[in-house]
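Asker: Below: one structure in structure tokens.
There are 2 protein chains.
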Amino acid sequence: MTTAKVEQPARRASIGARRNPASQAAILAAARAVLAEEGYGGFSIDAVSRRAGAGKPTIYRWWKNKAELLIEVYAAEKARVKAAKTGNLAEDLALYTAALWDFWRDTPSGRTFRALIAEAQNDAAALDGLRDKFLPERLLDVRTLFAAAVSRGEIAADEVETRLALYVGFNWYYVLTDSLDEGRAAIPAAMRLVAAQLRS
Amino acid sequence: MTTAKVEQPARRASIGARRNPASQAAILAAARAVLAEEGYGGFSIDAVSRRAGAGKPTIYRWWKNKAELLIEVYAAEKARVKAAKTGNLAEDLALYTAALWDFWRDTPSGRTFRALIAEAQNDAAALDGLRDKFLPERLLDVRTLFAAAVSRGEIAADEVETRLALYVGFNWYYVLTDSLDEGRAAIPAAMRLVAAQLRS
DNA sequence: TCCATAACGAAACGTATCGTTTCGTTATGA
DNA sequence: TCATAACGAAACGATACGTTTCGTTATGGA
Numbered sequence: 051m052t053t054a055k056v057e058q059p060a061r062r063a064s065i066g067a068r069r070n071p072a073s074q075a076a077i078l079a080a081a082r083a084v085l086a087e088e089g090y091g092g093f094s095i096d097a098v099s100r101r102a103g104a105g106k107p108t109i110y111r112w113w114k115n116k117a118e119l120l121i122e123v124y125a126a127e128k129a130r131v132k133a134a135k136t137g138n139l140a141e142d143l144a145l146y147t148a149a150l151w152d153f154w155r156d157t158p159s160g161r162t163f164r165a166l167i168a169e170a171q172n173d174a175a176a177l178d179g180l181r182d183k184f185l186p187e188r189l190l191d192v193r194t195l196f197a198a199a200v201s202r203g204e205i206a207a208d209e210v211e212t213r214l215a216l217y218v219g220f221n222w223y224y225v226l227t228d229s230l231d232e233g234r235a236a237i238p239a240a241m242r243l244v245a246a247q248l249r250s
Numbered sequence: 051m052t053t054a055k056v057e058q059p060a061r062r063a064s065i066g067a068r069r070n071p072a073s074q075a076a077i078l079a080a081a082r083a084v085l086a087e088e089g090y091g092g093f094s095i096d097a098v099s100r101r102a103g104a105g106k107p108t109i110y111r112w113w114k115n116k117a118e119l120l121i122e123v124y125a126a127e128k129a130r131v132k133a134a135k136t137g138n139l140a141e142d143l144a145l146y147t148a149a150l151w152d153f154w155r156d157t158p159s160g161r162t163f164r165a166l167i168a169e170a171q172n173d174a175a176a177l178d179g180l181r182d183k184f185l186p187e188r189l190l191d192v193r194t195l196f197a198a199a200v201s202r203g204e205i206a207a208d209e210v211e212t213r214l215a216l217y218v219g220f221n222w223y224y225v226l227t228d229s230l231d232e233g234r235a236a237i238p239a240a241m242r243l244v245a246a247q248l249r250s
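Chains as they are written, first to last, in our numbering: chain A, 51 to 250; chain B, 51 to 250.
Structure (structure tokens):
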């Protein structure tokens, strides 16, 4: 045989004039699997459609572009990144970052994240979705850490956005170069800089 | 008319059993123009070929993938980023970064850079080229600034890679979200953090 | 109970890009 | 003189795009 036969999903007929949750789940699972196995390069709507045993119109009916599908795949990975809090910003960020990188490594989420950023360079609508919807939601936890540091007097409130940009960029650099392993040792020192006190 | 007719390039015949520099130049110029006008989404080998009046085999003969072409388009923008040096790392970095962002804004290089990072998520070979060839070359100038700071005793030599990662990530975050304008005001404070002294 | 409604998957549409191959033409350089 | 190799044009088969058509299914209000 020439092609590997992967789980052949059962055809799901319409269940009437409403969305079929089984199809939704099958499409998300197929998208997740394609990303895990092929990465962004193999992530096509056709591939997801075939893998899910779903019609393309069904995909396009519920997700208006690849970015929306990617965002939902990422969000479906319920396992939130959780890390202990030490009461020190640098340490809190280091613990959180290590947990985030584990999450990116142990699930298809790292590849999903990379795919989403790549897709945002393709399509202006995808970039808007990334900037205005996906990123703000994903940064809520980190913002909480910064807010706590502000209330402890560790950092100034008007420095949060700058420090956040440094923090996010640090993560993006390593995930986009597929270098999370090489960068791991740099996390603590980097977080000390992100949390550093500026001489006044 | 339905399609805008852009500069119709003259057909360049073979000049014998060697590379035709006129074709090379026409292809690079066409790639640059396509990126400037369409961005990564419209950057296809077919589009470049049509625009350059060149055959696709000629492109594939000299560049083995899109990433190589992107790298050469970026490198062809001779105008190196130049900034004065103040003898203070934070200020040197801020001046350099402002000049870099001007370069990204005033030339097609910002879009080229974004396209290269996106392409690296598509193709493993492109990621290798980005990590092992393109990035190291582009970071030479910044490394010089860090090296000078090390010799002045501002920062420790073994902290350079961490600070460099923070620096690069900061730039990537803003260019990839197409937010260079919004991020500009944050440059000085961010560079003070990248250059900050760590309490020992 | 009837029936307008809408979702379902299959298949096909036309267009675009991919990377490659074939072909006739051109000029080099030994 | 002539083997060599680059040139652009054109076409190849494969794949993906986003959309349309179609027969089927079951809902939920009249």
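Built from N, CA and C at the ideal position, the CB exists for glycine as well.
None of these values were measured; they are calculated from a predicted model.
1. G160(A) lies in the alpha helix (DSSP H); which residues open and close that run?
2. Using a Cβ-Cβ cutoff of less than 8 Å, which residues in the same chain neighbour E118(A) once the five nearest sequence positions on both sides are dropped?
3. Round the Cβ separation of R101(B) and V84(B) to the nearest angstrom and send it over; I've been treating them as touching at under 8 Å.
4. Do W222(B) and I167(B) have their C-beta atoms within less than 9 Å of each other?
5. Measure the alpha-carbon distance for T194(A) versus E211(A) and round it to whole angstroms.
6. Under 6 Å Cβ to Cβ from Y146(A), same chain only, skipping five residues before and after it: list those, please.
7. Can you pull out the residues from the stretch 223-241 of chain A whose beta carbon lies closer than 8 Å to at least one beta carbon of chain B?
8. Indicate whether V131(B) and L143(B) have their beta-carbon atoms separated by less than 9 Å.
9. For T108(B), which of helix, strand or coil comes out of DSSP?
10. Since G17(A) is in the alpha helix (DSSP H), which residue starts that stretch and which ends it?
11. Is the CB-CB distance between V218(A) and R164(A) below 9 Å?
12. Going along the chain, which residues of the stretch 79-98 of chain B sit with their C-beta nearer than 7 Å to a C-beta in chain A?
13. In the structure shown, what three-state DSSP assignment does W151(B) receive?
14. Can you list, in chain order, the residues of its chain whose CB lies under 6 Å from that of L139(A), leaving out five sequence neighbours each side?
15. Give the range of the alpha helix (DSSP H) segment to which K116(A) is assigned.
16. Give me the residue from F153(A), K135(A), L120(A) with the minimum Cα distance to E169(A).
17. Can you tell me where the alpha helix (DSSP H) holding R101(B) begins and where it ends?
18. Buried or exposed, going by whether 16 or more other CB atoms sit within 10 Å of the CB of Y110(B)?
19. List, in order along the chain, the chain B residues whose C-beta lies closer than 9 Å to that of V123(A)?
20. If you draw a straight line from the C-alpha of P158(B) to the C-alpha of A81(B), how long is it?
21. Using the Cα positions of T108(B) and A125(B), report the straight-line distance between them to the nearest angstrom.
Answerer: To lay it out plainly:
1. 159-172 is the extent of the alpha helix (DSSP H) around G160(A).
2. Here the set comprises G179.
3. Sure, about 6 Å apart at Cβ, within 8 Å.
4. Between W222(B) and I167(B), the C-beta gap is smaller than 9 Å, which places the two residues in contact.
5. Note on geometry: alpha-carbon atoms of T194(A) and E211(A) lie some 13 Å from one another.
6. These residues qualify, in order along the chain: A133.
7. Against chain B - using a Cβ distance shorter than 8 Å - the residues of the stretch 223-241 of chain A are Y223, Y224, L226, T227, D228, S229, G233, A236, A239, A240.
8. The answer is no: Cβ separation not under 9 Å.
9. When secondary structure is reduced to three states using DSSP, T108(B) falls in the helix class.
10. No information on residue 17(A) is available, as it lies outside the stretch 51 to 250 that chain A covers here.
11. The answer is no: Cβ separation not under 9 Å.
12. So the list reads Y90, G91, given in the order they occur along the chain.
13. Reduced to three states, the DSSP call for W151(B) is helix.
14. Answer for L139(A): A199, E204, A245, listed in chain order.
15. First-last of the alpha helix (DSSP H) with K116(A): 116-126.
16. Of the candidates F153(A), K135(A), L120(A), the one whose C-alpha sits nearest the C-alpha of E169(A) is L120(A).
17. Counting along the chain, the alpha helix (DSSP H) containing R101(B) begins and ends at 95-102.
18. When all chains shown are included, Y110(B) counts as exposed.
19. Those do not exist, as V123(A) stays about 15 Å from chain B at its closest Cβ, beyond 9 Å.
20. As the crow flies, the alpha-carbon of P158(B) is around 10 Å from that of A81(B).
21. One Cα belongs to T108(B), the other to A125(B), and the distance between them is close to 20 Å.
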